[in-house]
Every structure is written in structure tokens, then in C-alpha cells.
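One structure below.
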Amino acid sequence: MDLNLTQEYEDFRAEVRGFLEKHKDSAPSRSDRSVRSKKRLAWQELLLQNGYAARTHPKQYGGFGAAPDALKARIIAEEFARASAPGGISGQGINMLVPTLLELGTDEQKDTYIKPTLAGEMVWCQGYSEPGAGSDLAALRTAAVVDGDDFVINGQKIWTSTAQFADMMFCLVRTEPDAPKHQGISYILIDMNTPGIEVRPLMTMTGFAEFNEVFFTDVRVPVTSIVGNRGEGWMVANATLTHERGMLGDPDAALGRLRSIAEIMQKEHIDGKPLIEDAVYRDRLVKLQAEAQAMKMNGMRLTTLSSEKKSSGMAGLLVKLQGCELNHQMADLAIDVMGEYGILYEDSPFIRDQGMWQTHYMFDLGLIIGGGSAQIQKNIISERGLGMPREPKPQPGSFKSGASKAN
Amino acid sequence: MYFGLSEDQIMLQDSVGRYLEGASELEAVRKFTEGDTTLADTLHSGMEELGVPFVLLPEALNGQILGGLGMGVLEAALIQEALGRHIAPSSFATAYGMAVVGLREAGDEDWLSQIAMGSARMAVGMTEAIGVREDAGLSLSGDTVSGRASFVMGADGATHFLLTTGDQLIVVERGAKGVSETALTTIDKTRNVVTLDLDKASAALIAGNNHAVALRKMIDAGRVLLAADTLGAAAMMLEKAVAYSKERDQFNRPIGSFQAVKHMCAEMAARLEPCRALVWYAAYAQDHVPEEAALMACLAKSHVSDVSKFVARTATEVHGGMGFTDLLGLHYWFKRIGANRQLLGGPEKLRAEAAELQGWG
Ligand SMILES: Cc1cc2nc3c(=O)[nH]c(=O)nc-3n(C[C@H](O)[C@H](O)[C@H](O)COP(=O)(O)OP(=O)(O)OC[C@H]3O[C@@H](n4cnc5c(N)ncnc54)[C@H](O)[C@@H]3O)c2cc1C
Numbered sequence: 007m008d009l010n011l012t013q014e015y016e017d018f019r020a021e022v023r024g025f026l027e028k029h030k031d032s033a034p035s036r037s038d039r040s041v042r043s044k045k046r047l048a049w050q051e052l053l054l055q056n057g058y059a060a061r062t063h064p065k066q067y068g069g070f071g072a073a074p075d076a077l078k079a080r081i082i083a084e085e086f087a088r089a090s091a092p093g094g095i096s097g098q099g100i101n102m103l104v105p106t107l108l109e110l111g112t113d114e115q116k117d118t119y120i121k122p123t124l125a126g127e128m129v130w131c132q133g134y135s136e137p138g139a140g141s142d143l144a145a146l147r148t149a150a151v152v153d154g155d156d157f158v159i160n161g162q163k164i165w166t167s168t169a170q171f172a173d174m175m176f177c178l179v180r181t182e183p184d185a186p187k188h189q190g191i192s193y194i195l196i197d198m199n200t201p202g203i204e205v206r207p208l209m210t211m212t213g214f215a216e217f218n219e220v221f222f223t224d225v226r227v228p229v230t231s232i233v234g235n236r237g238e239g240w241m242v243a244n245a246t247l248t249h250e251r252g253m254l255g256d257p258d259a260a261l262g263r264l265r266s267i268a269e270i271m272q273k274e275h276i277d278g279k280p281l282i283e284d285a286v287y288r289d290r291l292v293k294l295q296a297e298a299q300a301m302k303m304n305g306m307r308l309t310t311l312s313s314e315k316k317s318s319g320m321a322g323l324l325v326k327l328q329g330c331e332l333n334h335q336m337a338d339l340a341i342d343v344m345g346e347y348g349i350l351y352e353d354s355p356f357i358r359d360q361g362m363w364q365t366h367y368m369f370d371l372g373l374i375i376g377g378g379s380a381q382i383q384k385n386i387i388s389e390r391g392l393g394m395p396r397e398p399k400p401q402p403g404s405f406k407s408g409a410s411k412a413n
Numbered sequence: 324m325y326f327g328l329s330e331d332q333i334m335l336q337d338s339v340g341r342y343l344e345g346a347s348e349l350e351a352v353r354k355f356t357e358g359d360t361t362l363a364d365t366l367h368s369g370m371e372e373l374g375v376p377f378v379l380l381p382e383a384l385n386g387q388i389l390g391g392l393g394m395g396v397l398e399a400a401l402i403q404e405a406l407g408r409h410i411a412p413s414s415f416a417t418a419y420g421m422a423v424v425g426l427r428e429a430g431d432e433d434w435l436s437q438i439a440m441g442s443a444r445m446a447v448g449m450t451e452a453i454g455v456r457e458d459a460g461l462s463l464s465g466d467t468v469s470g471r472a473s474f475v476m477g478a479d480g481a482t483h484f485l486l487t488t489g490d491q492l493i494v495v496e497r498g499a500k501g502v503s504e505t506a507l508t509t510i511d512k513t514r515n516v517v518t519l520d521l522d523k524a525s526a527a528l529i530a531g532n533n534h535a536v537a538l539r540k541m542i543d544a545g546r547v548l549l550a551a552d553t554l555g556a557a558a559m560m561l562e563k564a565v566a567y568s569k570e571r572d573q574f575n576r577p578i579g580s581f582q583a584v585k586h587m588c589a590e591m592a593a594r595l596e597p598c599r600a601l602v603w604y605a606a607y608a609q610d611h612v613p614e615e616a617a618l619m620a621c622l623a624k625s626h627v628s629d630v631s632k633f634v635a636r637t638a639t640e641v642h643g644g645m646g647f648t649d650l651l652g653l654h655y656w657f658k659r660i661g662a663n664r665q666l667l668g669g670p671e672k673l674r675a676e677a678a679e680l681q682g683w684g
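Those sequence lines, one after another, are chains A and B.
Using the numbering used here, you'd call the opening residue of the first sequence number 7 and step up by one each time.
Using the numbering used here, you'd call the opening residue of the second sequence number 324 and step up by one each time.
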């Protein structure tokens, strides 16, 4: 253990701090959720110029071109969290598609897509799940058939986040119907303005339409839209799923939320006493703090492992499961300490923090389910992390099949 | 010893349940939450035909015939469980539960007879006796009251408000001079909650000179009824999760065949089932074991709230992405459970009270 940062890193921290001090008025509010707000795009541009977003992405594609340095990445995350400043735009395009293209895309794909994506001008959605293919993603049936220079796509996606705003979709389709299910899938890029695509927003429990159904009827995209080879889409997608799972458990964000809860508890009074003096709630708060710190330290350990190019093992596998659960528990505490005021919602009078804790409580439950459910995460942890035997595949005919008759 | 429901009690619960299954089906509730309030009126008259509002009303009080059914909090809790199960928009728990318990205890035959005749229906605001937030609290001066009652429940169809200054119980007429209402929006849109600001509004003390006892009984009964409501909602969520796990296939098998999913459902069942017996006993204690009434109300509501919070999230998880959407409407139950948890005292508050009641610090 040597936690002293060398002078280079101390200087870097000072530089980031100085930047945030100087530009804090340009930062959009963290609750600004609109995809294309001018302020967010301008902020993104500023971050790109200074290397606080897309830091290691090549310069030719609009990145900053710095050598990978996990410690600097941590310092940036910490300082932004400390200043309550929003970091660079994150989203499925930047976090999932860009790394995939860098690894497996053609030069033309890289040239066309990476720069506008990093700038936040090109918004992507992830078209993986289908009504019959959620946890069992490889059962997907949306078909792409080659016709001349085009793929012709027919089928349906579901739970597609941000599809209603997206310019583009990275999508898994079945191109080899006769191959075994994992080997018949291809990864293609689809312009959302192509004729034949219909997006229907789906309302969720939060009361917002966070995701959509997307229908494809004879949608034609050039065959050059494929990333990787035909039939290798499963492998291409798995490369990005790892990125998504990493994105869902940011420990600095968790610590930031924890501080907000402590503030509520200092501010809110019941029977004339601030809630922070209530031993029971305070105990719950500190318990979550310990867990959030454990996740932060686990994150620092991952940083070291990654900078030494070592495998992250169990420490990495647990991040999505534990991170999402922790967030959900924090929202739960915030609601409980607010008592009756904790159930106010939408534009209610007397509402606290715009009702965001209820939104978090529900949305974080969504994240426990989405991107590989908690149960699937536990399967992965036990099988890959602990080396436990896999559940045997059922014999054909063991179950009277209900919905999914594919494969 | 016989620990269980009588045939009459089972019949009562079944008949209310059967009625609600048709009348309060999801699409109707959905419309209600979107602003079409007819369902509440329909349910009110439907329940009236079944005699539901008269369950707790005495047959007669102080020589005055009231024509009630004279039943206990247990019967009311069974009805409330059915209401929770069908996420019914109804002010039964407050208007015909808490209010009647309080007035019965205080011996106020006048208000009770108005309730029996349908000329009074009371919304209930008890937060001021449970835990007062800033800017809230009522003070009585002569026959007027001023201040804020922050969370008044059951405002739909109410003609009066039954409120507390913390130790006294008063009735204020809805719409009277100096009474201003602010509607609140909560996550649970099947319920109608308001904040009242009172400025020298005329207030009538209810009868009797021992309001503290009436107040205590009212709150205890309210807690038991909310626990029953939560129990009904959670039991429904569990049933829905089990049914879904048998229908939904992934990896060429019903998801219910995965041990992970079975264990989620089994744990929900194992934790929820004892809540049913606890709610029965807590409700029974209200009328028959007075020395345990308050304690059992605290234990039942806090425990059922915690177990049902687990059921609500777990049943949602069993449904996968579908559980998170609005399509199946699962969230109406989820939110009802979430709202009940905070009303009339959250679990921590109730446990602190339970400890105090037993002289534990
Ligand atoms: C908020 C949110 C955002 C999303 N965004 C996107 C998006 O942008 N793009 C996209 O393509 N998809 C998205 N999804 C879809 C998400 O990836 C799926 O919901 C998820 O993979 C689960 O699939 P499912 O909903 O079909 O549930 P199912 O797979 O039907 O699962 C139902 C239940 O069965 C359990 N289960 C299933 N298989 C097993 C097993 N083998 N062992 C043990 N238990 C099992 C699950 O854990 C769950 O409890 C999103 C989902 C959510 C909730």
C-alpha cells in the first residue's frame, strides 16, 4: 500500500480543481436530463478540450489522446464529485459503442461515428432486448436478411432506453438463422431515421417513459453497417456489456448521494429535533456510508489492477450487483427519513428535492433488473468468480414451453 | 383455543373481495389515478350496499339507535386487506375505520349518527399527534383552531375533517371559513391526501373528556388497518410474481424453474404468511386485549411494512423489465405499499414507540 500520490498526480489534482473553480458557472445542473441541451453540449466540448472527457480516446476521433492512466481518471471522477459538477456526457453511445468501434470497427466507422458521439451530438440507443429475449439475450429473433447491398431488418426490440431521442442504434440481429443460437447473431448500426422504424415510448413505474419499444418493418441498412463479422455479434456485444456493467456502479456518485442524505437529515426536523440526532436513522446512514466506502476502495483496487493490466476477478464481477443495490438502499433511507414527505411526488406542494429520491428508489430498482438482472449477476459471480458448476441445461421436452418457442 | 377466522368473518372478507375483484379492476383504478374520480363514488355506493361503512358503527350508543353492525377492528381489517389487495381508492380506513373508532370511544353519538345517516364523512389528520414537522401543528383557542394539519387522509368525498391538536380531537367542517386545502400528490395515486391550513376556523371538540384514549385507539386502529392494507397489496404482488414465473420462458424453460426465482418467491411467502396471523391478532387485540392493543398495532404495522417492502421489490424483480414498466400496473401495488409505510408513523418510529410502551428505555 502506497497511497501517496507522486507530485505529478498532486499537480494533476490541482489542475482539475482549478479548472472546476474557474468554470463552475458553465456546468449544467446535474438534474438536467435532456439529451441535447445547449449547456450540456457546451460543457462537453469544454471537457473534451481539457481532457476531462474521452481522455484516452485518440485525438483523430475527437478524444484527448492521453495515455491511459487509471489514477488520473480516478482523480477526475473524485474532483468532479467533490465539486458536485457533472462529468462528461455518459450514455450507451460513449460508454458502450465507442469502445467497441475502437476495438472492432472499420476505419470508416470510426471516422463517421466516434467524433460526433463523443461530442454528444450523435445519440445512440442499445437495441438488444426483445420480448422473448431478456436474460436469454441470445434467443433474439429480429432478423436481418441480405438483399443486394443491404440488410433488410424485421422484428421488434423492447426496453430500448433513449430510443425516442436517438439518432442511431447499435443492434443485435439474427443473420444466420440456421447457425447455433450464439453464432447466428450480428452487430449492426442503424440510423433511426431509416424508413420502417417505429418507436413507441413505454411508460415505466416512475411515471416517465424511460424506454421504448422499437419495431422494424423491412428496414434497409447497407451491409457495411456491420461491426465485426457476420455471426460474431455475440462476441462483439459481450465486449460492450462489460463496459455497461462497469458504468452502473459509480462509487463517487454513491458517496455524493450519501452526502445529500446527510444534508437532508441535518435540515429536516421532527418534533423540533433535527433528524441527524435520531440514533436509528443515523445508524442506517453510517452503515450505508461504510458500504459506499468499501465500494470506493474496491474501485481504487480495481484501478490499480487495471493499470497493472491484471485481471480484476471477483472485485470486478460484483460491481454492478452491489453498486445498484447500494443506490437503491440509499434512496430507501432518504424516503424513510422524510417520512410522510418522502412519499410526495411530481409537482406536489411541500415536495423535498423535487421528489428525486422516489425517482431514484424506483429507477435504481430498474437498474437492478436491467443490464443483466441481479440473479444473472449472482450466476456470473458464482460460476465465473467462484468456479461453481453451471446449472445443467434442461433436456428437450422437460418443460411444457410457454412463450418462447424460438431455437 | 381457536386461532383463525370465523365462518362469518371469512364470508365477509370473501364478499367484499369478490365485489372488488370486478369493481376495482386494474383498468378502472388506472383511470382513477389519471383523474377520473368516478371509481371512488362507485365503490362507495357498492360498499354501502354490502354494509361496509357500518361495520364498526355500534347498533346503538347512549340510548340512540345508530343501526350499525357493531363489529370489531378485526372485521374492519379483513375488509381493508381486500381493499389493499385490489388497490381500491377508498376512504374506508379513515372515514369508517379510524373516525368511527375514535368517536365510539369518546361516546359521541351525535357525530356517529350523522355518519350512519351519510350526512357526515370524515377525513382524518393525525400527523400532529405522531411527529410534527416544521410549520405544522394546530392550536385551539376557544372554539376556533389555527395552524397546519400536514397530512390529512381520505379527503375524497369528505364533508368534515377530524383533526388533533396533539391531545384533543376536533371536527372542522370542510369548506368553512378559514379552512384552506392544498391537495398533495404522492406516489400512491389511489389515495387522496391534503394539507390543511386553518386560520381561526370554527372547531367543535368531540364529546367526552378523555380524548387521549380516543386518540390513542384511533391511531392504533389506523395502524392496524394500514398494516392490513399493505398485507393485501403484498399478497397480491406475490401471487402475481408466482403466476408470471410460470408463464415466462427464458433459456427454454419457465423462469420459475430456476432456483434463484423459486427462492425469491419462497422467501416472500415465508416472510409474508406470518404477517397475516400477526395482523389478525393485532386487529383482534384492539377490541379484546386492550393492554396489548397499542403494542400490537406498532409491531404489526412496522413488521408488515418491512416485509412488504421486500415483497414489493422482489415481486417486481421476478417480473424483470416488465415489472418496471407501466404495462402490468404492478407499480400501483408497489406504491401503495410504499405510501402506507410512511403514513401514521414509519417502522423506526413505531418500534421506538413499542419499546417505550414496554418501558424499555
Ligand atoms: C431500466 C432498464 C433499462 C434498460 N435498457 C435497455 C436498453 O437500453 N437496451 C436493451 O436492449 N435492453 C434494456 N433493458 C432490458 C434489460 O436488459 C432486461 O430487462 C434484462 O436483461 C432482463 O430481461 P427481462 O426483462 O426479459 O427479464 P427476464 O429475463 O424475463 O427475467 C425475469 C426474472 O427471471 C430471472 N431469471 C431469468 N433467467 C434466469 C436464470 N438463468 N437464472 C436465474 N434467474 C433468472 C431474472 O433474474 C428475473 O428476475 C433495460 C431494462 C431496464 C429495467
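A virtual CB, placed ideally from N, CA and C, is assigned to each residue, including glycine.
Quick caveat: nothing in here was measured; it's all calculated off a predicted structure.
- Annotated as proximal: P412/B and L362/B, with beta-carbon spacing under 7 angstroms.
- Between K273/A and V516/B, the alpha-carbon positions lie close to 24 angstroms from each other.
- If you ignore the 5 residues before and after T212/A, its C-beta comes within less than 7 angstroms of the C-beta of T365, M368, F369, all in its own chain and listed in chain order.
- Any Cβ of chain A closer than 7 angstroms to the Cβ of V423/B would place that residue at the interface, and such an atom is absent.
- In this model, G327/B and V602/B are separated by some 11 angstroms (Cα to Cα).
- Going by beta carbons, A83/A and L178/A fall outside the 7 angstroms limit.
- Pairing A59/A with H188/A, the inter-Cα distance amounts to about 34 angstroms.
- The residues G477, D479, in chain order, have a CB closer than 6 angstroms to that of S414/B in the same chain once the five nearest residues on each side in sequence are set aside.
- DSSP links H275/A through a beta bridge to P280/A.
- Look at G644/B: its C-beta is under 7 angstroms from a C-beta on chain A.
- With respect to the 7 angstroms criterion, L595/B and A638/B are not classified as neighbours on the basis of their beta carbons.
- In terms of CA proximity to K672/B, A623/B leads the group V641/B, A623/B, H654/B, L653/B.
- Under DSSP, S464/B takes part in a beta bridge, and its partners are T467/B.
- Rounded to whole angstroms, the Cβ separation of V227/A and G133/A is 12 angstroms, and the two are not in contact under 8 angstroms.
- The three-state secondary structure of T112/A, taken from DSSP, is coil.
- Within the DSSP bridge table, the entry for A446/B names F484/B as partners.
- Residue ranges of uninterrupted alpha helix (DSSP H) with 4 or more members, entirely inside the segment 583-666 of chain B and ordered along the chain, are 613-641, 643-647, 653-665.
- A583/B has its Cβ nearer than 6 angstroms to a heavy atom of ligand 1.
- When distances are taken from the beta-carbon of R571/B to the heavy atoms of ligand 1, the shortest one is below 6 angstroms.
- T200/A sits exposed, since fewer than 16 C-beta atoms from the chains shown fall within 10 Å of its C-beta.
- Among the residues of the segment 617-638 of chain B, those with a Cβ less than 8 angstroms away from any Cβ of chain A are K632, R636, in the order of the chain.
- Across the set G138/A, A185/A, C131/A, the C-alpha of C131/A shows the shortest separation from the C-alpha of V205/A.
- In the same chain as R456/B, and ignoring 5 residues on each side of it, the C-beta atoms closer than 7 angstroms to its own belong to S473, in chain order.
- Straight across, the Cα-Cα distance linking M241/A with K116/A is about 19 angstroms.
- Of all residues in the segment 273-304 of chain A, those with a C-beta nearer than 8 angstroms to a C-beta of chain B are E274, H275, I276, D277, G278, D284, V286, Y287, reading in chain order.
- Annotation for A506/B: V517 place their beta carbon closer than 7 angstroms to its own, counting only its chain and skipping 5 residues before and after.
- A Cβ-Cβ distance of about 16 angstroms is found for the pair I333/B and V375/B, leaving them out of contact under the 8 angstroms criterion.
- The beta-bridge partner set that DSSP reports for M175/A consists of C131/A, I196/A.
- Proximity of A662/B to chain A, defined by a Cβ-Cβ separation below 7 angstroms, is satisfied.
- DSSP, reduced to helix, strand and coil, places I191/A within a strand of the structure shown.
- Straight-line measurement puts the Cα of G237/A at about 22 angstroms from the Cα of T166/A.
- V455/B belongs to the set of residues whose beta carbon lies under 7 angstroms from a beta carbon in chain A.
- Annotation: E679/B to L549/B spans about 21 angstroms, alpha carbon to alpha carbon.
- Inside the segment 401-440 of chain B, DSSP marks whole alpha helix (DSSP H) runs of 4 or more residues at positions 422-429, 432-440, from first to last along the chain.
- If you ignore the 5 residues before and after I196/A, its C-beta comes within less than 6 angstroms of the C-beta of M175, C177, V227, all in its own chain and listed in chain order.
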